[in-house]
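So the sequence shown is residues 147 to 401, counted in our numbering. Cβ atoms here follow ideal geometry from the backbone N, Cα and C, with glycine treated the same way. Shown next, in C-alpha coordinates, is the structure this report addresses.
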Amino acid sequence: MGKIIAIANQKGGVGKTTTSINLAASLGVLEKKVLLIDADPQANASSGLGIDVDNVEIGTYQILEHSNIPEDAIVPSSSPNVDVIPAHIDLVAIEIELVDKENREYMLKQALATIKDKYDYILIDCAPSLGLLTLNALTAADSVVIPIQCEYFALEGLGKLLNTIKSVQKIHNPDLDIEGLLLTMFDSRLRLSNQVVEEVQKHFNDMVFTTIIQRNVKLSEAPSFGESIINFDATSKGAANYLSLAEEIIKKNSN
(Lines of atoms letter the chains of each structure in order from A; the text may use other names.)
(Lines give C-alpha, C1' and ligand atoms only; values in the text may rest on other atoms or scores of the structure.)
Protein backbone atom coordinates (compact mmCIF):
# COMPACT_ATOMS: atom_id res chain seq x y z
CA MET A 147 0.00 0.00 0.00
CA GLY A 148 1.49 3.33 -1.07
CA LYS A 149 1.82 6.23 1.34
CA ILE A 150 0.49 9.62 0.23
CA ILE A 151 2.49 12.57 1.58
CA ALA A 152 1.42 16.18 0.99
CA ILE A 153 4.16 18.82 1.07
CA ALA A 154 2.41 21.93 2.26
CA ASN A 155 2.91 25.44 3.58
CA GLN A 156 0.74 28.39 2.59
CA LYS A 157 3.81 30.60 2.80
CA GLY A 158 5.63 30.90 -0.53
CA GLY A 159 9.40 30.57 -0.95
CA VAL A 160 9.99 28.02 1.80
CA GLY A 161 11.45 25.30 -0.41
CA LYS A 162 8.22 23.36 -0.90
CA THR A 163 8.62 22.56 -4.59
CA THR A 164 12.38 22.04 -4.20
CA THR A 165 11.56 19.50 -1.50
CA SER A 166 8.86 17.80 -3.60
CA ILE A 167 11.18 17.37 -6.60
CA ASN A 168 14.28 16.28 -4.70
CA LEU A 169 12.58 14.08 -2.13
CA ALA A 170 10.81 12.28 -5.01
CA ALA A 171 14.12 11.84 -6.85
CA SER A 172 15.94 10.68 -3.69
CA LEU A 173 13.25 8.10 -2.89
CA GLY A 174 13.50 6.96 -6.53
CA VAL A 175 17.28 6.53 -6.29
CA LEU A 176 16.71 4.48 -3.12
CA GLU A 177 14.63 2.14 -5.32
CA LYS A 178 11.19 3.26 -4.22
CA LYS A 179 8.49 3.69 -6.85
CA VAL A 180 7.31 7.29 -6.61
CA LEU A 181 4.51 9.39 -8.10
CA LEU A 182 4.77 13.18 -7.77
CA ILE A 183 1.50 15.06 -8.20
CA ASP A 184 1.88 18.72 -9.07
CA ALA A 185 -1.04 20.48 -7.35
CA ASP A 186 0.32 24.00 -7.81
CA PRO A 187 -0.87 26.08 -10.82
CA GLN A 188 2.68 27.45 -11.17
CA ALA A 189 3.62 23.91 -12.31
CA ASN A 190 7.22 24.28 -11.09
CA ALA A 191 7.43 20.68 -9.87
CA SER A 192 6.52 19.53 -13.39
CA SER A 193 9.04 21.74 -15.22
CA GLY A 194 11.65 21.01 -12.54
CA LEU A 195 11.54 17.34 -13.57
CA GLY A 196 11.88 18.04 -17.28
CA ILE A 197 8.21 18.19 -18.33
CA ASP A 198 7.13 20.76 -20.92
CA VAL A 199 4.18 22.27 -19.05
CA ASP A 200 2.90 24.20 -22.09
CA ASN A 201 2.07 20.91 -23.77
CA VAL A 202 0.32 19.22 -20.86
CA GLU A 203 -3.09 18.08 -22.09
CA ILE A 204 -4.10 15.86 -19.19
CA GLY A 205 -2.90 16.72 -15.70
CA THR A 206 -3.98 17.46 -12.15
CA TYR A 207 -6.84 19.66 -13.35
CA GLN A 208 -8.52 16.81 -15.26
CA ILE A 209 -7.95 14.39 -12.35
CA LEU A 210 -9.63 16.76 -9.87
CA GLU A 211 -12.48 17.32 -12.30
CA HIS A 212 -12.82 13.54 -12.75
CA SER A 213 -12.87 14.02 -16.52
CA ASN A 214 -9.85 11.67 -16.74
CA ILE A 215 -8.48 8.88 -14.58
CA PRO A 216 -4.98 9.30 -13.04
CA GLU A 217 -3.49 6.67 -15.39
CA ASP A 218 -4.26 9.02 -18.32
CA ALA A 219 -2.18 11.81 -16.77
CA ILE A 220 0.90 9.93 -15.55
CA VAL A 221 4.13 10.71 -17.41
CA PRO A 222 7.70 9.54 -16.71
CA SER A 223 10.14 12.14 -15.38
CA SER A 224 13.87 12.75 -15.87
CA SER A 225 14.48 10.91 -12.56
CA PRO A 226 14.61 7.11 -12.24
CA ASN A 227 11.54 5.46 -10.64
CA VAL A 228 9.67 8.79 -10.54
CA ASP A 229 6.43 9.41 -12.45
CA VAL A 230 4.60 12.74 -12.49
CA ILE A 231 1.01 13.91 -12.81
CA PRO A 232 1.86 17.37 -14.16
CA ALA A 233 0.09 20.69 -13.67
CA HIS A 234 -0.80 23.40 -16.13
CA ILE A 235 -1.79 27.03 -15.56
CA ASP A 236 -5.44 25.99 -16.11
CA LEU A 237 -5.30 24.55 -12.57
CA VAL A 238 -5.93 28.13 -11.37
CA ALA A 239 -9.60 27.71 -12.36
CA ILE A 240 -10.19 24.55 -10.33
CA GLU A 241 -10.85 26.41 -7.05
CA ILE A 242 -13.84 28.15 -8.63
CA GLU A 243 -15.05 25.09 -10.53
CA LEU A 244 -15.05 22.80 -7.50
CA VAL A 245 -16.95 25.20 -5.24
CA ASP A 246 -20.41 23.94 -6.23
CA LYS A 247 -19.48 20.25 -6.40
CA GLU A 248 -20.63 17.81 -3.80
CA ASN A 249 -17.78 16.27 -1.77
CA ARG A 250 -15.45 18.84 -3.33
CA GLU A 251 -12.73 18.21 -0.71
CA TYR A 252 -12.60 14.50 -1.64
CA MET A 253 -12.06 14.77 -5.42
CA LEU A 254 -8.34 13.96 -5.27
CA LYS A 255 -8.76 11.21 -2.66
CA GLN A 256 -11.38 9.48 -4.81
CA ALA A 257 -9.25 9.78 -7.95
CA LEU A 258 -6.12 8.33 -6.29
CA ALA A 259 -7.89 5.27 -4.85
CA THR A 260 -7.24 3.31 -8.08
CA ILE A 261 -3.47 3.90 -8.17
CA LYS A 262 -2.44 4.09 -4.51
CA ASP A 263 -1.22 0.48 -4.49
CA LYS A 264 0.99 0.96 -7.55
CA TYR A 265 3.52 3.21 -5.80
CA ASP A 266 5.56 3.13 -2.62
CA TYR A 267 5.15 6.88 -2.16
CA ILE A 268 2.83 9.44 -3.72
CA LEU A 269 4.00 13.02 -3.04
CA ILE A 270 1.73 16.02 -3.59
CA ASP A 271 3.34 19.43 -4.16
CA CYS A 272 0.71 21.82 -2.79
CA ALA A 273 -0.01 25.39 -3.86
CA PRO A 274 1.15 28.18 -1.50
CA SER A 275 -2.37 28.77 -0.14
CA LEU A 276 -4.92 27.07 2.08
CA GLY A 277 -7.60 26.93 -0.64
CA LEU A 278 -9.49 23.97 -2.08
CA LEU A 279 -6.45 22.57 -3.88
CA THR A 280 -4.47 22.23 -0.66
CA LEU A 281 -7.58 20.99 1.17
CA ASN A 282 -7.95 18.23 -1.44
CA ALA A 283 -4.30 17.28 -0.97
CA LEU A 284 -4.60 17.14 2.84
CA THR A 285 -7.82 15.11 2.61
CA ALA A 286 -6.16 12.61 0.26
CA ALA A 287 -2.89 12.39 2.20
CA ASP A 288 -1.77 10.00 4.92
CA SER A 289 0.68 12.58 6.24
CA VAL A 290 2.10 16.04 5.60
CA VAL A 291 5.65 17.39 5.40
CA ILE A 292 5.86 21.08 6.35
CA PRO A 293 8.95 22.91 5.04
CA ILE A 294 10.02 25.88 7.20
CA GLN A 295 12.80 28.19 6.06
CA CYS A 296 15.42 29.21 8.61
CA GLU A 297 14.59 32.90 8.45
CA TYR A 298 13.01 35.58 10.62
CA PHE A 299 9.38 34.97 9.63
CA ALA A 300 9.74 31.18 9.76
CA LEU A 301 7.04 30.54 12.33
CA GLU A 302 4.68 33.13 10.90
CA GLY A 303 1.67 31.35 9.46
CA LEU A 304 2.70 27.98 10.88
CA GLY A 305 -0.02 28.21 13.53
CA LYS A 306 -2.60 28.84 10.80
CA LEU A 307 -1.42 25.80 8.83
CA LEU A 308 -1.45 23.58 11.94
CA ASN A 309 -5.02 24.76 12.68
CA THR A 310 -6.03 23.89 9.10
CA ILE A 311 -4.49 20.44 9.53
CA LYS A 312 -6.44 20.02 12.80
CA SER A 313 -9.71 20.94 11.14
CA VAL A 314 -8.99 18.56 8.21
CA GLN A 315 -8.32 15.81 10.78
CA LYS A 316 -11.57 16.63 12.53
CA ILE A 317 -13.84 16.94 9.47
CA HIS A 318 -12.33 15.18 6.44
CA ASN A 319 -9.37 12.98 7.30
CA PRO A 320 -8.99 11.72 10.89
CA ASP A 321 -5.97 9.60 9.88
CA LEU A 322 -3.85 12.55 8.68
CA ASP A 323 -0.48 12.66 10.47
CA ILE A 324 2.28 15.22 10.46
CA GLU A 325 5.22 13.40 8.84
CA GLY A 326 7.52 16.12 10.09
CA LEU A 327 8.62 19.75 10.02
CA LEU A 328 11.53 20.22 7.62
CA LEU A 329 13.99 23.06 8.21
CA THR A 330 15.16 24.46 4.86
CA MET A 331 17.55 27.15 3.55
CA PHE A 332 19.81 26.77 6.57
CA ASP A 333 23.00 28.83 6.59
CA SER A 334 25.30 27.81 9.46
CA ARG A 335 27.18 31.14 9.25
CA LEU A 336 24.08 33.10 10.23
CA ARG A 337 23.19 33.41 13.90
CA LEU A 338 19.56 33.86 12.89
CA SER A 339 19.48 30.48 11.07
CA ASN A 340 20.80 28.76 14.20
CA GLN A 341 18.27 30.59 16.39
CA VAL A 342 15.36 29.48 14.18
CA VAL A 343 16.56 25.86 14.32
CA GLU A 344 16.77 26.02 18.14
CA GLU A 345 13.34 27.67 18.39
CA VAL A 346 11.60 25.14 16.14
CA GLN A 347 13.28 22.16 17.80
CA LYS A 348 12.41 23.52 21.26
CA HIS A 349 8.72 24.03 20.37
CA PHE A 350 8.11 20.93 18.28
CA ASN A 351 10.68 18.36 19.51
CA ASP A 352 10.13 15.00 17.80
CA MET A 353 7.97 16.53 15.06
CA VAL A 354 11.10 18.06 13.47
CA PHE A 355 13.14 16.02 10.98
CA THR A 356 16.75 15.41 12.03
CA THR A 357 17.80 16.28 8.45
CA ILE A 358 18.21 20.01 7.79
CA ILE A 359 18.32 21.29 4.20
CA GLN A 360 21.24 23.69 3.82
CA ARG A 361 21.41 26.65 1.46
CA ASN A 362 22.98 25.37 -1.74
CA VAL A 363 23.47 27.13 -5.08
CA LYS A 364 23.18 23.84 -6.99
CA LEU A 365 19.68 23.32 -5.54
CA SER A 366 18.60 26.62 -7.10
CA GLU A 367 20.24 25.85 -10.45
CA ALA A 368 18.96 22.29 -10.99
CA PRO A 369 15.28 23.11 -11.87
CA SER A 370 16.33 25.37 -14.76
CA PHE A 371 17.85 22.26 -16.36
CA GLY A 372 14.69 20.23 -15.70
CA GLU A 373 16.59 17.96 -13.33
CA SER A 374 16.55 17.01 -9.68
CA ILE A 375 19.63 17.75 -7.61
CA ILE A 376 20.46 14.00 -7.72
CA ASN A 377 20.70 14.10 -11.54
CA PHE A 378 22.23 17.57 -11.67
CA ASP A 379 25.01 17.17 -9.10
CA ALA A 380 24.93 14.02 -6.98
CA THR A 381 28.02 15.15 -5.04
CA SER A 382 26.46 18.43 -3.86
CA LYS A 383 25.43 19.26 -0.32
CA GLY A 384 21.81 19.54 -1.52
CA ALA A 385 21.86 15.98 -2.89
CA ALA A 386 23.30 14.65 0.39
CA ASN A 387 20.63 16.51 2.41
CA TYR A 388 17.70 15.19 0.38
CA LEU A 389 19.04 11.62 0.33
CA SER A 390 19.31 11.85 4.10
CA LEU A 391 15.69 13.08 4.31
CA ALA A 392 14.50 10.23 2.06
CA GLU A 393 16.33 7.70 4.25
CA GLU A 394 14.76 9.24 7.37
CA ILE A 395 11.26 8.95 5.87
CA ILE A 396 11.82 5.35 4.70
CA LYS A 397 13.13 4.39 8.15
CA LYS A 398 10.23 6.09 9.91
CA ASN A 399 7.70 4.28 7.71
CA SER A 400 9.27 0.85 8.01
CA ASN A 401 8.90 0.74 11.80
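- Rounded to the nearest angstrom, the Cβ distance from residue 267 to residue 178 is 6 Å, consistent with a contact under 8 Å.
- Of 191, 243, 196, 320, the smallest CA-CA separation from residue 277 is found for 243.
- Contact check for residue 259 and residue 151: beta-carbon distance about 17 Å, past the 8 Å limit, so the pair fails to qualify.
- Residue 152 is bridged by DSSP to 270, 290.
- For residue 238, there is no enclosing alpha helix (DSSP H), as DSSP marks it with neither H nor E.
- Take residue 257, set aside five residues on each side of it, and the residues of its chain with a beta-carbon closer than 6 Å to its own are 209, 216, in chain order.
- In this structure, residue 221 and residue 240 do not form a Cβ contact; the two beta carbons are roughly 19 Å apart against a cut-off of 8 Å.
- Residue pairing for residue 180: DSSP places it in a beta bridge opposite 228, 267.
- Here the C-alpha atom of residue 172 lies approximately 6 Å from the C-alpha atom of residue 388.
- With fewer than three CB-CB distances shorter than 8 Å, the stretch 314-332 does not count as touching the stretch 184-197.
- Excluding sequence positions up to five before and after residue 334, its CB lies within less than 8 Å of the CB of 340, 360, all in the same chain and listed in chain order.
- In the DSSP annotation of this structure, the continuous segment of the alpha helix (DSSP H) that includes residue 378 starts and ends at 375-378.
- For the pair residue 180 and residue 189, the CB atoms are not nearer than the 9 Å cut-off.
- Between residue 280 and residue 156, the CB-CB gap stays under 9 Å.
- In this structure, residue 374 sits near residue 228, with a CB-CB distance shorter than 9 Å.
- In this structure, residue 368 keeps its C-beta atom at 9 Å or more from the C-beta atom of residue 355.
- At the C-beta level, residue 230 and residue 182 come within 9 Å of one another.
- If one requires a minimum length of 3 residues, the beta strand (DSSP E) runs lying completely within the stretch 289-366 are 289-295, 323-332, 354-360, in chain order.
- Per DSSP, the continuous alpha helix (DSSP H) segment holding residue 208 begins and ends at 206-211.
- In the DSSP annotation of this structure, residue 203 is not part of any alpha helix (DSSP H), being labelled neither H nor E.
- Judged by DSSP in its simplified three-state form, residue 222 adopts strand.
- Taking the Cα positions, residue 384 is about 33 Å away from residue 315.
- Going by DSSP, residue 171 is part of the alpha helix (DSSP H) stretching over 162-175.
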